[in-house]
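Right, one structure below, let's go through it.
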Amino acid sequence: MDNIKILLDPNVSAEERLSALRELGDPCESDGSWVNNHIHTSYSFSPYTPAAAVYFARKAGLSTAGIMDHDSVGGIDEFIKAGEIIGMPVTVGFECRTSVKGTALEGLRLNNPDQVSVAYVTLHGIPHGNVFECEKVLAPLREKRNERNRKMCERISELCCEYGITLDFEKDVLPLSKDCEGGSVTERHVLFGLTLKIADGKERSEAVSLVDKLCGGIADKVKNKLLSAPDEYYLYDVLGVLKSSLVSKIYVDADEELMHISDFTALAKRVGGIAAYAYLGDVGESPTGDKAAQKFEDDYLDLLFDTLHGLGFAAVTYMPSRNTKEQLDRVMKLCEEHGFFQISGEDINSPRQSFVCPAMAPYTHLYDATWALIGHEKAATKDVNDGMFSEKTTEKLPELSARIGHFSKIGRN
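Note that numbering that gives the first Met the number 0 numbers the sequence shown so that position 74 is 73, with each residue one more than the last.
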């Protein structure tokens with residue numbers, strides 16, 4: 000097996016992948032000026048193992064990369080070591096869903112297309128010595144999530160029984176994940192299990208026809224995209240259509256697996272990470288093809304930011320490719336008014352997506368912010384290693400935006 004195949008193989012050991020990366024070396028083919036702080040790996044859902052994510056991010060021209068798996072920190076160690084091997088700084092964190100019940104946001108549609116009173120949040124810049132503290136919190140939540148995943152598999156089986164398709168969580172979904180190594184099982188895993196069942200033994204036209212029936216009708220341009228997709232993209236494109244159109248039919252509300260949003264900010268303070276709200280904004284046509292047109296938090300953005308500030312959030316993360324200039328201008332203005340650090344990156348979980356986000360180019364402050372984020376992570380990691388870390392370390396986080404120059408220098412050195 001060649002080194003690229005080893006690098007991409009989630010079923011070999013992390014050490015084998017890192018050994019392959021050592022042989023491959025630095026693949027940088029450009030000036031390495033881009034940044035991306037939101038890369039998913041095989042520890043949530045992605046075609047990239049942590050080592051492969053670092054390699055291909057660097058090859059695409061990134062100067063730094065950030066791991067951001069759902070409910071999991073399982074890939075962080077490999078990601079950090081991969082960055083060290085090719086000499087690329089990295090930053091580490093995780094993404095999760097939180098309950099906003101009992102806050103002013105209860106009952107509102109925030110950044111979750113499937114459920115009200117639920118917010119996607121991210122924890123960035125975790126000091127490396129405190130990653131395990133995050134894992135202790137996340138592990139039982141993943142177990143609860145799998146109970147819900149089983150129920151969604153049952154709903155899919157009921158929906159698809161007339162087509163001779165059943166979906167067994169243990170046999171068809173769990174093996175697609177890194178669950179046994181601290182990875183999470185997401186709705187994408189569930190729907191990818193269904194994707195494989197749909198595609199198995201069928202001509203593409205027959206499979207697309209079945210997707211059309213299951214989703215209650217898909218647009219001709221979507222059908223044509225599936226019919227003409229290159230083989231390496233085809234299954235992921237089917238998954239994107241199912242994610243956009245089928246989830247509402249099989250979704251089971253999350254409950255016990257949700258950390259309360261106040262517990263999330265408390266965890267961030269305890270471990271020295273940067274708590275960020277993941278702004279989505281009202282969606283027209285989804286650039287990634289996995290979200291239907293829908294209204295989210297734009298109608299009550301002022302209330303959202305006031306509440307986040309009161310809850311102790313330090314940052315907001317957003318993706319320029321997803322939003323209009325007007326949406327971004329409004330978010331950036333509110334961030335400045337509330338003293339929120341601004342973090343950005345392209346949500347990578349499909350081979351169609353580029354690690355480079357050209358839409359970031361005009362927003363140069365996001366590049367400086369990335370280096371500030373890395374600088375914070377380096378400084379806080381050193382504090383942990385030196386036995387100097389305490390919750391007081393996080394007291395400087397609200398001032399982070401004003402101290403970008405200082406932390407940028409640390410990050411770049």
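Each residue gets a CB set at the ideal place from its N, CA and C atoms; glycine is no exception.
Being a predicted model, the structure only gives us computed values, none of them experimental.
- By the Cβ neighbour-count rule, V89 is buried, with 16 or more other Cβ atoms within 10 Å of its own.
- The continuous stretches of alpha helix (DSSP H) do not include N110, and DSSP gives it neither H nor E.
- Put simply, of R351, S353 and H364 the residue whose alpha carbon is nearest the alpha carbon of F339 is H364.
- One alpha carbon belongs to I5, the other to F78, and they sit about 15 Å apart.
- A straight line joining the alpha-carbon of E345 with that of K150 spans about 31 Å.
- Distance from I75 to V91 at the Cβ level is roughly 5 Å; contact confirmed, criterion being Cβ atoms closer than 8 Å.
- Annotation: D171 to S261 spans about 35 Å, alpha carbon to alpha carbon.
- G280 sits away from I125, with the two beta carbons spaced by 9 Å or more.
- If you draw a straight line from the Cα of D8 to the Cα of V189, it is about 20 Å long.
- Here H69 is bridged, per DSSP, to E94.
- The C-alpha of T369 lies about 22 Å from the C-alpha of Y47.
- Put simply, of P26, A52, E15 and C27 the residue whose alpha carbon is nearest the alpha carbon of H37 is A52.
- Under the DSSP definition of a beta bridge, F340 partners with A314.
- Secondary structure at N145: helix, using DSSP grouped into helix, strand and coil.
- For M258, the beta-bridge partners assigned by DSSP are T97.
- In this structure, G106 lies near V115, with their beta-carbon atoms less than 9 Å apart.
- As computed with DSSP, A56 is found in no beta bridge at all.
- DSSP places I85 in the uninterrupted alpha helix (DSSP H) bounded by I75 to I85.
- H39 carries a coil assignment under DSSP once its states are collapsed to helix, strand and coil.
- Under DSSP, L365 forms no beta bridge with any residue.
- Of the candidates N110, A64, V184 and S353, the residue whose Cα lies closest to the Cα of A138 is V184.
- Scanning its chain for C-beta atoms nearer than 8 Å, with the 5 sequence neighbours on each side dropped, one finds around S353 the residues A59 and E345, in chain order.
- Burial state of F304 is buried, judged by a 10 Å Cβ sphere holding 16 or more other Cβ atoms.
- In terms of CA proximity to Q293, R321 leads the group R269, E180, R321 and A275.
- The alpha-carbon separation between D297 and Y276 amounts to approximately 14 Å.
- Around the CB of G181, 16 or more other CB atoms lie within 10 Å, so the residue is classed as buried.
- Counting only residues of its own chain and dropping the five nearest sequence neighbours on each side, S349 has a CB closer than 6 Å to the CB of Y235.
- As a beta-bridge residue in DSSP terms, I347 pairs with I38.
- Note: V120 is bridge-paired with C95 and Y276 in the DSSP secondary-structure output.
- Around the CB of N223, fewer than 16 other CB atoms lie within 10 Å, so the residue is classed as exposed.
- Beta bridge pairing from DSSP links A64 with N35 and V89.
- The beta carbon of I342 is closer than 7 Å to those of N36, H123, A275, A314, T316, A368 and L372 in its chain, skipping five residues each way along the sequence.
- If you compare the alpha carbons of R187, D70 and I85 with that of F131, the shortest gap goes to D70.
- Contact between the stretch 153-161 and the stretch 249-256 is present: 3 or more CB-CB pairs across the two stretches fall below 8 Å.
- As DSSP reads the structure, V282 sits in a beta bridge with Q293.
- Just measuring C-alpha positions, the residue of Y232, R141 and G101 sitting nearest S43 is R141.
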